[in-house]
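Novice:
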Amino acid sequence: IALLFTDMVMPEGMTGLDLAKQLREANGSLKVIISSGYSVDIANSGIPAGSGIAYLSKPYEVKSLVAMVRKCLDQT
Numbered sequence: 412i413a414l415l416f417t418d419m420v421m422p423e424g425m426t427g428l429d430l431a432k433q434l435r436e437a438n439g440s441l442k443v444i445i446s447s448g449y450s451v452d453i454a455n456s457g458i459p460a461g462s463g464i465a466y467l468s469k470p471y472e473v474k475s476l477v478a479m480v481r482k483c484l485d486q487t
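Structure, rendered in structure tokens:
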């Protein structure tokens with residue numbers, strides 16, 4: 412798996428950031444895009460600057476999603 416695309420809000424109290432951290436333990440080069448329609452989720456999420464985790468605000472257009480996926484996969 413090269414890229415995780417997840418929502419910030421997930422069931423049972425888990426967040427997209429929690430999921431990303433768990434999966435990065437097994438694959439440190441995993442690229443991550445977290446999406447949310449609630450800017451407060453991201454503001455309070457604790458996503459560290461320079462972490463390589465991208466944020467895509469909802470709603471978004473397909474071309475924005477495609478561009479974000481390409482940008483993330485092209486990062487080294």
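Here the numbering used here is used: the first residue of the sequence shown is 412, the next is one more, and so on. All residues carry an ideal CB built from backbone N, CA and C; glycine is no exception. Model, not experiment: these values are computed from the prediction.
(1) Taking the straight line between their C-alpha atoms, what separation do you get for residue 486 and residue 440?
(2) Determine the closest residue to residue 417 out of 466, 437, 462, 461, with distance taken between C-alpha atoms.
(3) For residue 434, collect the residues of the same chain with a Cβ closer than 7 angstroms to its Cβ; drop the 5 residues on either side in sequence, then sort them by chain order.
(4) Does DSSP put residue 441 in a helix, in a strand, or in coil?
(5) Assuming the contact rule is C-beta atoms closer than 8 angstroms, residue 447 and residue 469 should be a hit. Round their C-beta distance to whole Å, please.
(6) Per DSSP, which residues does residue 417 bridge with? Please list them.
(7) For residue 460, which residues from the same chain have a beta carbon less than 6 angstroms from its beta carbon, with the 5 sequence-adjacent residues on both sides left out?
Specialist: Looking at the coordinates:
(1) Within the sequence shown, residue 486 is the residue found at index 75, counting from 1. Within the sequence shown, residue 440 is the residue found at index 29, counting from 1. For residue 486 and residue 440, the distance between alpha carbons rounds to 10 angstroms.
(2) By one-based count along the sequence shown, residue 417 stands at place 6. Selected option, being the one with the closest Cα: 466.
(3) The residue you call residue 434 lines up with position 23 of the sequence shown. Taken in chain order, the residues that qualify are 415, 441.
(4) Within the sequence shown, the letter at position 30 stands for residue 441. Residue state, collapsed to three classes: coil.
(5) The sequence position of residue 447 within the sequence shown is 36, counting from 1. The sequence position of residue 469 within the sequence shown is 58, counting from 1. So it is a contact: roughly 6 angstroms between Cβ atoms.
(6) For the purposes of this step, residue 417 is taken as residue 6 along the sequence shown, with counting starting at 1. Bridge partners of residue 417: 445.
(7) Working through the sequence shown from its first residue, we reach residue 460 at position 49. So the list is empty, once near-sequence residues are dropped.
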